[in-house]
Amino acid sequence: AATALRIKATDQLNGTIEQFNGVVSSVVMDWNGEDWVQQPSSNPASLYRHVLQGLANARPLDDDRIDLDKLQSWHERCSENSREFNGVVSSGQSVMDVLNDITAAGRASPNLIDGKWGVVEDLPEQTVVQHFTPRNSFGFEAEKAFEEHPDALRVRFNNRDQGWQLDERVVYDDGFGESNASNFESLTLNGVTSADQAWRDARYHMASARLRSEIYSF
Numbered sequence: 011a012a013t014a015l016r017i018k019a020t021d022q023l024n025g026t027i028e029q030f031n032g033v034v035s036s037v038v039m040d041w042n043g044e045d046w047v048q049q050p051s052s053n054p055a056s057l058y059r060h061v062l063q064g065l066a067n068a069r070p071l072d073d074d075r076i077d078l079d080k081l082q083s084w085h086e087r088c089s090e091n092s093r094e095f096n097g098v099v100s101s102g103q104s105v106m107d108v109l110n111d112i113t114a115a116g117r118a119s120p121n122l123i124d125g126k127w128g129v130v131e132d133l134p135e136q137t138v139v140q141h142f143t144p145r146n147s148f149g150f151e152a153e154k155a156f157e158e159h160p161d162a163l164r165v166r167f168n169n170r171d172q173g174w175q176l177d178e179r180v181v182y183d184d185g186f187g188e189s190n191a192s193n194f195e196s197l198t199l200n201g202v203t204s205a206d207q208a209w210r211d212a213r214y215h216m217a218s219a220r221l222r223s224e225i226y227s228f
């Protein structure tokens, strides 16, 4: 992508332009409900595919290396819940680091099964994939964390309604508000530019910390 800039020199402006800002959109392969088409998109599923196959990737993957069916269903859920990723990758980040940032904004994580890249979503499943019992596992351990949960989270994100400047939104836990909250923690959301999405993600992290205090390993 390129931008042409033509400026008439005046007594207020002459020489080299030191700073130039713009708001841009990625034109990527995006799922429109029927097919993948080239169009501007901030959907995490479309950007996930773009990172794996785009020109910025030194070794772009073919379509048969990507679980497109999984990305299509993930795309639709992201659209239904207004989940977007709007980030600027300006440093030498690894492909996996960028994928982790994108999938976090879409409530998922990168996954590689049978040589195909897809995602794992946090969804209730009706079909049992495998039973783990003493017959097919060993070394079972369980750990439960008893942590003090914050009354509220100070969520930092680049707010598009405030000129994409770094902003902060305070998200309170149940039973707390401005009058009684005293224990605060910070949370930075990469790629999140909507105040509503920042609120929803903060509440999700609060619930995860409270309801998922157990770790099982075997």
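In this note's numbering, each residue carries its 1-based index in the sequence shown increased by 10. Ideal Cβ positions, reconstructed from N, Cα and C, are used throughout, including at glycine. Keep in mind that this is a model prediction, so the values were computed, not measured.
By alpha-carbon positions, which one of the options ends up nearest to residue i?
| i | options | result |
| --- | --- | --- |
| Arg145 | Phe228, Gln82, Asn190 | Phe228 |
| Pro50 | Asn96, Val202, Phe30, Asp161 | Asn96 |
| Gly116 | Lys18, Asp132, Ser104, Val105 | Asp132 |
| Ala299 | Leu122, Ile27, Thr13 | Residue 299 cannot be examined here, being either before or after the span of the chain that is shown, 11 to 228. |
| Thr13 | Val33, Glu44, Asn91 | Val33 |
| Leu197 | Ile225, Ile112, Tyr226, Pro160 | Pro160 |
| Glu224 | Arg75, Glu195, Asn190, Glu151 | Glu151 |
| Ser35 | His141, Val180, Arg170, Lys80 | Arg170 |
| Gln29 | Asp74, Leu15, Glu44 | Leu15 |
| Val99 | Leu57, Ala162, Val138 | Leu57 |
| Leu78 | Asn91, Leu62, Glu90, Gly173 | Leu62 |
| Trp46 | Ala191, Leu81, Ala208, Trp174 | Leu81 |
| Trp209 | Arg222, Tyr226, Asp183 | Asp183 |
| His60 | Val138, Val38, Gln22, Phe186 | Val38 |
| Lys154 | Ala55, Glu135, Gln48, Tyr226 | Tyr226 |
| Leu176 | Glu90, Glu135, Val138, Thr203 | Thr203 |
On the DSSP bridge assignment, give the partners of residue i in chain order.
| i | result |
| --- | --- |
| Thr198 | Arg166 |
| Leu176 | Asn168 |
| Glu151 | Ser227 |
| Val181 | Leu163 |
What residue range does the alpha helix (DSSP H) around residue i cover?
| i | result |
| --- | --- |
| Arg220 | 205 to 221 |
| Lys126 | Taken as a continuous stretch (DSSP letters only), Lys126 belongs to no alpha helix (DSSP H), being part of the beta strand (DSSP E) at 126 to 131. |
| Val99 | Note, Val99: premise wrong, no alpha helix (DSSP H); not H, not E. |
| Val61 | 54 to 63 |
| Leu81 | 78 to 90 |
For the ligand NAD, is there a heavy atom less than 7 Å away from the beta-carbon of residue i?
| i | result |
| --- | --- |
| Val202 | Absent from the structure shown: the ligand NAD. Ligands present: none. |
Got a sec, what are the start and stop residues for the beta strand (DSSP E) residue i sits in?
| i | result |
| --- | --- |
| Trp46 | 46 to 50 |
| Asp40 | 37 to 41 |
| Lys18 | It is not in any beta strand (DSSP E) - Lys18 carries neither H nor E in the DSSP assignment. |
| Ala66 | Segment: none, Ala66 is in no beta strand (DSSP E) and carries neither H nor E. |
| Pro70 | Unbroken run through Pro70: none, as it is neither H nor E. |
| Ala118 | 118 to 123 |
Below 8 Å on the Cβ atoms is my guess for residue i versus residue j; work out the distance and round it to an integer in Å.
| i | j | result |
| --- | --- | --- |
| Phe194 | Arg164 | 6 Å |
| Ser119 | Val130 | 5 Å |
| Phe167 | Leu199 | 5 Å |
| Ala191 | Ala162 | 5 Å |
| Gly128 | Arg75 | Not quite, the Cβ-Cβ distance comes to about 10 Å (not below 8 Å), so this is no contact. |
| Arg93 | Gln207 | 6 Å |
| Asp111 | Gly201 | 6 Å |
| Asp40 | Asn53 | 6 Å |
Given 8 Å as the limit, is there contact between the segment 212 to 221 and the segment 52 to 68, that is, 3 or more CB pairs closer than that? no
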